[in-house]
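In the numbering used here, the protein residues as written are 241 to 524.
Heads up, the beta-carbon is just placed ideally off N, CA and C, and yes, glycines get one too.
Remember, it's a predicted structure, so these values are computed and weren't measured experimentally.
Structure first, commentary second.
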Amino acid sequence: MGVVLPIPFALFAAFSNALATVLQRRAALTVPQSDGFRFGLILDLLRRPVWIGGILAVIAAGAGQAVALATGPMALVQPLFVLELPLALLIASLAARRRLSGTLWLAVAGVVVGLGVTLAAASPSGNRTDVPLDRWIVALAACAAAVAALTLAGLRRPPGRARAGCLGAATAVCYALTAALMKSAVHVLDEGGLEAFLTTWETYAFGASGICALLLLEHAMQGGPLVASQPALTLSDASVSVALGVLLYEEHLRAHWWLLPQLLGIALICAGVLALARAGDGAP
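Following this line, the structure appears as structure tokens:
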């Protein structure tokens with residue numbers, strides 16, 4: 241797998257996740273809303289064929305993401321998922337047969353250009369696969385605490401921007417942790433085969449984290465407007481993923497004067513994501 245380039249697979253995964261977002265959001269808006277954390281939400285969604293289609297897209301995205309993470313650093317692969325939002329908006333617009341305005345195309349261009357500038361300036365490198373257990377313990381504890389705090393903060397608020405933003409950020413932390421665990425598990429599969437993959441703890445940990453992310457995502461979609469949940473999800477996922485890549489896998493980003501174009505790129509991404517999320521509130 242080492243010769244496979246990660247970027248095409250990461251882009252495929254981003255597209256599949258965007259399609260899943262469109263389908264899952266449609267399904268989430270058709271089931272009864274709840275003020276609390278409701279595990280029965282998934283049972284309600286299972287009765288919606290459009291949600292099943294979204295889950296199939298999530299599975300396809302997971303396969304593409306696994307290959308990308310196995311062949312490239314997290315700090316390169318995960319930020320590419322920022323493209324999910326513009327792709328989701330484009331898919332929703334095509335499904336509704338509506339044209340995007342010039343302003344929205346400008347926002348899409350801002351995200352794409354900003355992402356390109358940021359990654360080119362940062363030039364992520366390093367692809368360590370063996371992470372010591374003590375690092376995992378710290379990372380797991382920190383992520384669990386962040387998810388718990390954000391989830392509780394969100395559920396204590398009535399449906400609205402604050403609730404959606406907190407739950408979106410909690411989902412992002414779970415997504416980033418899932419990616420970090422998946423990278424380790426896929427390496428075990430590559431080196432030791434299926435038996436080793438099925439007996440390593442990382443396999444079951446990334447499965448559990450992924451399920452938590454899915455449940456949190458559905459509540460975030462119900463919790464408030466997309467303009468609150470989607471930026472928190474998109475930007476926090478990329479940020480936490482880069483941090484985990486650096487801390488766990490010892491990946492490297494260029495510093496010194498390279499920080500200036502990185503900050504410029506991040507500013508373009510943030511502006512584009514916020515503009516697209518506002519438009520997404522009116523998407524079908």
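Legend entry - Same chain, Cβ closer than 6 angstroms to T391, five either side skipped, listed in chain order: Taking the sequence shown and counting its residues from 1, the one referred to as residue 391 is at position 151. A410, listed in sequence order.
Legend entry - Own chain, CB closer than 6 angstroms to V428, minus 5 neighbours either side, in chain order: Within the sequence shown, numbered from 1, the residue matching residue 428 stands at position 188. Answer for V428: A436, F437, T440, listed in chain order.
Legend entry - Simplified DSSP state of S341, which is helix, strand or coil: What you label residue 341 is simply residue 101 of the sequence shown in a count that begins at 1. Judged by DSSP in its simplified three-state form, S341 adopts coil rather than helix or strand.
Inset, instruction - Kindly confirm or deny that the stretch 314–323 and the stretch 350–358 touch, where touching means at least three C-beta pairs closer than 8 angstroms. - result: Because the criterion of three Cβ pairs below 8 angstroms is met, the stretch 314–323 and the stretch 350–358 touch.
Legend entry - A240 to E431 span [Cα, whole Å]: Residue 240 lies beyond the range of the chain shown here (241 to 524); nothing can be said about it.
Legend entry - Minimum C-alpha distance to A384 - residue among A416, I295, M314, R494: Position 144 of the sequence shown, counted from the start, is the residue given in the question as residue 384. Ranked by how close their Cα comes to the Cα of A384, the residues A416, I295, M314, R494 have A416 in first place.
Legend entry - Separation of G433 from R403, as counted between CA atoms: Here the question's residue 403 lines up with position 163 in the sequence shown. Here the question's residue 433 lines up with position 193 in the sequence shown. So the two alpha carbons sit approximately 43 angstroms from each other.
Inset, instruction - Leaving out five residues on either side along the sequence, give the residues of the same chain with a beta carbon under 6 angstroms from the beta carbon of A515. - result: The residue given as residue 515 occupies position 275 in the sequence shown. Answer for A515: A347, listed in chain order.
Inset, instruction - Pull up the DSSP beta-bridge partners for S365, would you. - result: Here residue 365 corresponds to residue number 125 of the sequence shown, with the count starting at 1. Partner(s): H492.
Legend entry - Sequence-distant residues of its chain with Cβ nearer than 6 angstroms to A253 (five each side left out): Here residue 253 corresponds to residue number 13 of the sequence shown, with the count starting at 1. Contacts found: A301, G304, Q305.
Inset, instruction - On a CA-only basis, which of L373, I451, A420, Q462 is nearest L407? Give me that one, please. - result: In the sequence shown, counting from the first residue as 1, residue 407 sits at position 167. Considering only L373, I451, A420, Q462, the residue with the shortest C-alpha distance to L407 is Q462.
Legend entry - Exposure of R266, with buried meaning 16 or more beta-carbon neighbours within 10 Å: The residue you call residue 266 lines up with position 26 of the sequence shown. Answer is buried; the Cβ neighbour count reaches 16.
Inset, instruction - Could you pull the start and end residues of the alpha helix (DSSP H) that T311 belongs to? - result: Taking the sequence shown and counting its residues from 1, one reaches residue 311 at position 71. Its alpha helix (DSSP H) spans residues 289–311.
Inset, instruction - Consult DSSP for A523 and reduce its assignment to one of helix, strand or coil. - result: Along the sequence shown, one-based indexing puts residue 523 at 283. Per-residue confidence for A523 stands at a pLDDT of 48, beneath the threshold of 50, marking its modelled position as unreliable; no derived number is given.
Legend entry - Distance between beta carbons of V371 and S424, contact taken as under 8 angstroms: Counting from one through the sequence shown, the residue named residue 424 turns up at place 184. Counting from one through the sequence shown, the residue named residue 371 turns up at place 131. Indeed they touch by this definition, with Cβ atoms about 6 angstroms apart.
Legend entry - Neighbourhood of G342 by C-beta distance below 8 angstroms, restricted to the same chain and skipping five residues each side: Numbered from 1 along the sequence shown, position 102 holds the residue referred to as residue 342. So no residue of the chain qualifies.
Inset, instruction - Run through the stretch 363–443 for me and flag every whole alpha helix (DSSP H) of 4 or more residues, listed as ranges in chain order. - result: 373–395, 401–439, all fully within the stretch 363–443.
Legend entry - F446 versus W376, W291, A478, Q470, residue with shortest Cα-Cα distance: Position 206 of the sequence shown, counted from the first residue, corresponds to residue 446. The shortest C-alpha to C-alpha distance from F446 to any of W376, W291, A478, Q470 is the one to W376.
Legend entry - Euclidean distance between Cα positions of P248 and R401: Start at 1 with the first residue of the sequence shown, and residue 248 comes out as number 8. Start at 1 with the first residue of the sequence shown, and residue 401 comes out as number 161. Cα atoms of P248 and R401: separation of roughly 34 angstroms, rounded to the nearest angstrom.
Inset, instruction - Just mark D374 as buried or exposed, buried being the case when its beta carbon has 16 or more other beta carbons within 10 Å. - result: Residue mapping note: residue 374 aligns to position 134 of the sequence shown, counting from 1. Counting of Cβ neighbours within 10 angstroms places D374 among the exposed residues, the total staying below 16.
Inset, instruction - Measuring alpha carbon to alpha carbon, tell me which of V298, I509, A310, V290 ends up nearest F255. - result: Here residue 255 refers to the residue found at position 15 when the sequence shown is read from its first residue. With respect to the C-alpha of F255, the residue from V298, I509, A310, V290 having the closest C-alpha is V298.
Legend entry - Residue nearest to V290 in terms of C-alpha spacing, selected from L487, P501, A460, L259: As a position in the sequence shown, residue 290 is number 50, starting the count at 1. Closest in alpha carbon position to V290, among L487, P501, A460, L259, is L259.
Legend entry - Straight-line gap, G242 to T369 (C-alpha atoms, nearest Å): The residue given as residue 242 occupies position 2 in the sequence shown. The residue given as residue 369 occupies position 129 in the sequence shown. Because the pLDDT at G242 is just 42, under 50, the model does not fix this residue reliably, and the value given afterwards should be weighed accordingly. Taking the straight line from one Cα to the other gives about 12 angstroms.
Inset, instruction - Pick out whichever of E458, N257, A250, I506 has its Cα sitting closest to the Cα of T311. - result: Taking the sequence shown and counting its residues from 1, the one referred to as residue 311 is at position 71. Cα-wise, what sits closest to T311 is A250.
Inset, instruction - Kindly indicate which three-state DSSP category A328 falls into: helix, strand or coil? - result: Looking up residue 328 in the sequence shown gives position 88. Assigned with DSSP and collapsed to three states, A328 falls in helix.
Legend entry - Where P398 falls, given that 16 or more other Cβ within 10 Å makes a residue buried: Position 158 of the sequence shown holds residue 398. By the 16-neighbour rule on beta-carbons within 10 angstroms, P398 is exposed.
Legend entry - 9 angstroms Cβ cutoff, G356 in contact with chain D: Any reference to chain D falls outside this structure, which holds one protein chain only.
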